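Novice: Here the protein sequences come in this chain order: A and B.
Take the first sequence: its letters are residues 0 to 264, numbered as in numbering that gives the first Met the number 0.
Take the second sequence: its letters are residues 0 to 264, numbered as in numbering that gives the first Met the number 0.
This is the structure I have questions about; it appears just below.
Number of protein chains: 2
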Amino acid sequence: MPFAVAESLTRRGIAPVLFALRGACDPARVERFRHRWISVGQLGRATRLFREEGCRDLIFIGTLMRPALSEIRLDFKTLRVLGNVIRAFRGGDDHLLSGVGRILEQDGFRMVGIKDVAPDLLMPEGCITRATPAGSASADIARGREVLAALGPFDIGQAAVVIDGHVVAVEDIEGTDGLLARVARLRADGRIRALSGHGVLVKAPKSGQDLRYDLPTVGPRTVEGAARAGLAGIAVIAGNTLAAEPQAMIEAADAKRLFVVGLQS
Amino acid sequence: MPFAVAESLTRRGIAPVLFALRGACDPARVERFRHRWISVGQLGRATRLFREEGCRDLIFIGTLMRPALSEIRLDFKTLRVLGNVIRAFRGGDDHLLSGVGRILEQDGFRMVGIKDVAPDLLMPEGCITRATPAGSASADIARGREVLAALGPFDIGQAAVVIDGHVVAVEDIEGTDGLLARVARLRADGRIRALSGHGVLVKAPKSGQDLRYDLPTVGPRTVEGAARAGLAGIAVIAGNTLAAEPQAMIEAADAKRLFVVGLQS
Numbered sequence: 000m001p002f003a004v005a006e007s008l009t010r011r012g013i014a015p016v017l018f019a020l021r022g023a024c025d026p027a028r029v030e031r032f033r034h035r036w037i038s039v040g041q042l043g044r045a046t047r048l049f050r051e052e053g054c055r056d057l058i059f060i061g062t063l064m065r066p067a068l069s070e071i072r073l074d075f076k077t078l079r080v081l082g083n084v085i086r087a088f089r090g091g092d093d094h095l096l097s098g099v100g101r102i103l104e105q106d107g108f109r110m111v112g113i114k115d116v117a118p119d120l121l122m123p124e125g126c127i128t129r130a131t132p133a134g135s136a137s138a139d140i141a142r143g144r145e146v147l148a149a150l151g152p153f154d155i156g157q158a159a160v161v162i163d164g165h166v167v168a169v170e171d172i173e174g175t176d177g178l179l180a181r182v183a184r185l186r187a188d189g190r191i192r193a194l195s196g197h198g199v200l201v202k203a204p205k206s207g208q209d210l211r212y213d214l215p216t217v218g219p220r221t222v223e224g225a226a227r228a229g230l231a232g233i234a235v236i237a238g239n240t241l242a243a244e245p246q247a248m249i250e251a252a253d254a255k256r257l258f259v260v261g262l263q264s
Numbered sequence: 000m001p002f003a004v005a006e007s008l009t010r011r012g013i014a015p016v017l018f019a020l021r022g023a024c025d026p027a028r029v030e031r032f033r034h035r036w037i038s039v040g041q042l043g044r045a046t047r048l049f050r051e052e053g054c055r056d057l058i059f060i061g062t063l064m065r066p067a068l069s070e071i072r073l074d075f076k077t078l079r080v081l082g083n084v085i086r087a088f089r090g091g092d093d094h095l096l097s098g099v100g101r102i103l104e105q106d107g108f109r110m111v112g113i114k115d116v117a118p119d120l121l122m123p124e125g126c127i128t129r130a131t132p133a134g135s136a137s138a139d140i141a142r143g144r145e146v147l148a149a150l151g152p153f154d155i156g157q158a159a160v161v162i163d164g165h166v167v168a169v170e171d172i173e174g175t176d177g178l179l180a181r182v183a184r185l186r187a188d189g190r191i192r193a194l195s196g197h198g199v200l201v202k203a204p205k206s207g208q209d210l211r212y213d214l215p216t217v218g219p220r221t222v223e224g225a226a227r228a229g230l231a232g233i234a235v236i237a238g239n240t241l242a243a244e245p246q247a248m249i250e251a252a253d254a255k256r257l258f259v260v261g262l263q264s
């Protein structure tokens, strides 16, 4: 995803600089762009590099698996703001990102989101596949949006699987791929009796979620997972969902006869 | 559980008759009580047997795994009420039970719950173990009750695991044992960083759930699962939760230093 954003910016004549997190990025791909390497806990060094490169707008891309505290080497700046960082650690991943974002904003940087700088990577409204939501799918989509809205105040559940009106499973920290694998397993175990080709994966941002830091994402892997889970399709919020490799996603969905639809927010 | 209820009734001088579902009950244990065998789909025969035995009050015990339609041999009475039964099938397990319950009520039977006839099997208020909720456990319990309340309108989530304020996972159709196994796996995979001995399994009836047909249950197996998931304890709603094998549950919890607490409803 960071590379897709960098390419989108480059296409539009904007020169990005990648600040790549050591251990989390593929060096071969990073090296195709102007870049600097940084480490978790090195906020002082990162801030200095941002300034050296003349960057004012910053985007965080990718979820930060919370690192073990023992793996972190803190620099002086990080130590100074440690109280805020620890508070951020206690929250979910997006709390961590928004906590660090707030610190950078106090330093005069502007935190922006993929939504702001690469709108061409967002899901459009409407159905982008040959298959379209039919039968019980529309009711399943509505039910999915309801359960996600109910879970909004909690740091869980950016996705739900609804089959023939039943909320079968809700995403937890294992993420959407884990959710779909769970549904596939429940189906294999006979706990889900509905025929294959029934049910919808519904994804929506959590209410109050800072979309600069954590945007729901779908891509070919989501389609593969939904197909293995025996679902009819995928519904996401148009404009508030990243489409990773959209062409590959549409081809995968058409091959499996799944629909992918962008809903009005 | 049906046998515990039958024993509780017998102790109090009430003679129960077991109507055992073929394929779902252990014949050796059924035979210790007055009993008749019935099959799924044989509602006419069941109704006749209830009358033969002079039963007016009926209790459903155990969750009915939804049977494959192809496995069912329908009798005439079932065929007559088939519309209602199919509607019941479309709901969750408790819809199925309450759908059949409504049909039996129209026939003049009185549907009662374990809550009504064997209150000695319900969780009392307060902590029943040596360990008690300490540190972040009280806040985790409150958070768990909040998320379960939010999920109330949906046919999912009679249980949640909350660790240090995070809702880590919500029960789906895989049940509480599956939920706890999932949390144990997330911990083993390093997705949950919190120390072992943190976090609470919170169970509560769904709002609007008919407690005659589906009461949350805890027992020694719940304690074993919570221990494997590295939790500090279990919190359930006093009076609205069945305690299966309470003595064995307390002993298992004390051995693992887990708390089990009954909350005011």
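Note that beta-carbon positions come from the ideal geometry of N, C-alpha and C, so glycine has one too.
Quantities reported herein were computed from a predicted structural model and do not represent experimental measurements.
In terms of DSSP beta bridges, what is residue 55 (chain A) paired with?
Specialist: Residue 55 (chain A) is not bridged to any residue.
Novice: Is it true that the CB of residue 124 (chain A) sits closer than 8 Å to the CB of residue 261 (chain A)?
Specialist: Their beta carbons are under 8 Å apart, which means residue 261 (chain A) touches residue 124 (chain A) by this criterion.
Novice: Report the partner residues of residue 125 (chain A) according to the DSSP bridge assignment.
Specialist: Answer is A:261.
Novice: Report the neighbours of residue 231 (chain A) on chain B: residues whose CB is nearer than 8 Å to its CB, in chain order.
Specialist: Under the 8 Å cutoff, chain B gives no residues; its nearest Cβ is about 17 Å from residue 231 (chain A).
Novice: Using only CA atoms, which one of B:43, B:126, B:193 lies nearest to residue 256 (chain B)?
Specialist: Closest option to residue 256 (chain B), Cα to Cα, is B:126.
Novice: With DSSP collapsed to three states, give me the class of residue 32 (chain A).
Specialist: Here residue 32 (chain A) sits in coil by DSSP.
Novice: Is the stretch 184 to 203 of chain A close to the stretch 94 to 107 of chain A, with three or more CB pairs under 8 Å?
Specialist: Not touching, per the Cβ criterion.
Novice: On a Cα-Cα basis, can you pick out the residue from A:147, A:228, A:209 that is closest to residue 112 (chain A)?
Specialist: Of the candidates A:147, A:228, A:209, the one whose C-alpha sits nearest the C-alpha of residue 112 (chain A) is A:209.
Novice: Where does residue 241 (chain A) sit, in a helix, a strand or coil, going by DSSP?
Specialist: Here residue 241 (chain A) sits in strand by DSSP.
Novice: Answer with buried or exposed for residue 215 (chain A), where buried requires no fewer than 16 other C-beta atoms within 10 angstroms of its C-beta.
Specialist: It counts as buried.
Novice: For residue 151 (chain B) versus residue 206 (chain B), is the C-beta spacing smaller than 8 Å?
Specialist: Cβ distance < 8 Å, so residue 151 (chain B) and residue 206 (chain B) count as in contact.
Novice: Buried or exposed: residue 236 (chain A), going by 16 or more other Cβ atoms within 10 Å of its Cβ?
Specialist: Counting Cβ neighbours within 10 Å, residue 236 (chain A) comes out buried, since at least 16 surround it.
Novice: Apply the 10 Å Cβ neighbour rule to residue 15 (chain B) and answer buried if 16 or more other Cβ atoms are within range, or exposed otherwise.
Specialist: Burial call: buried.
Novice: Do residue 109 (chain A) and residue 33 (chain A) count as a contact pair if the criterion is CB distance below 8 Å?
Specialist: No; because the gap between Cβ atoms is not below 8 Å, this pair is not in contact.
Novice: What number of angstroms, rounded off, separates the C-alpha of residue 247 (chain B) from the C-alpha of residue 218 (chain B)?
Specialist: If you take the alpha carbons of residue 247 (chain B) and residue 218 (chain B), they lie about 8 Å apart.
Novice: Taking C-beta pairs closer than 7 Å, name the residues in chain B that residue 190 (chain A) reaches, listed in chain order.
Specialist: Ordered by position in chain B, the residues that pass the 7 Å Cβ test against residue 190 (chain A) are 172, 173.
Novice: Residue 150 (chain B) versus chain A: which residues are under 9 Å apart at the beta carbon?
Specialist: Result: 146, 149, 150, 166, 169.
Novice: Roughly how many whole angstroms lie between the Cα atoms of residue 103 (chain A) and residue 51 (chain A)?
Specialist: Distance between the alpha carbons of residue 103 (chain A) and residue 51 (chain A) is about 15 Å.
Novice: Report, in whole angstroms, the separation of the C-beta atoms of residue 163 (chain A) and residue 135 (chain A), which I expect to be a contact under 8 Å.
Specialist: That pair is a contact at about 5 Å.
Novice: Look at the alpha carbon of residue 198 (chain B) and the alpha carbon of residue 251 (chain A), and state the distance between them as a whole number of angstroms.
Specialist: Taking the straight line from one Cα to the other gives about 40 Å.
Novice: Mind checking if residue 185 (chain B) is an interface residue toward chain A, Cβ cutoff 8 Å exclusive?
Specialist: With 8 Å as the cut-off, residue 185 (chain B) counts as an interface residue toward chain A.
Novice: Taking residue 253 (chain A) as the query, report the chain B residues whose CB atoms sit under 7 Å from its CB, ordered along the chain.
Specialist: Within 7 Å Cβ-Cβ: nothing; residue 253 (chain A) doesn't reach chain B, min ~30 Å.
Novice: What does residue 205 (chain B) pair with, by DSSP beta-bridge criteria?
Specialist: Bridge partners of residue 205 (chain B): none, in fact.
Novice: I want to verify the contact list: residues of chain A whose CB lies under 9 Å from the CB of residue 155 (chain B), in sequence order.
Specialist: Going along chain A in sequence order, the residues near residue 155 (chain B) (Cβ under 9 Å) are 146, 159, 165, 166, 167, 168, 169.
Novice: Thinking just about the alpha-carbon of each residue, which of A:116, A:27, A:213, A:41 is nearest to the one in residue 5 (chain A)?
Specialist: Among A:116, A:27, A:213, A:41, the Cα nearest to that of residue 5 (chain A) is on A:116.
Novice: Flag this pair as touching only if the stretch 152 to 159 of chain A and the stretch 9 to 29 of chain B have three or more C-beta atom pairs under 8 Å; answer yes or no.
Specialist: No, they do not touch.
Novice: Do residue 153 (chain B) and residue 203 (chain A) have their C-beta atoms closer together than 8 Å?
Specialist: Cβ atoms of residue 153 (chain B) and residue 203 (chain A): not closer than 8 Å.
Novice: Which class does residue 101 (chain A) belong to by DSSP, given the choice of helix, strand or coil?
Specialist: Correct three-state label for residue 101 (chain A): helix.
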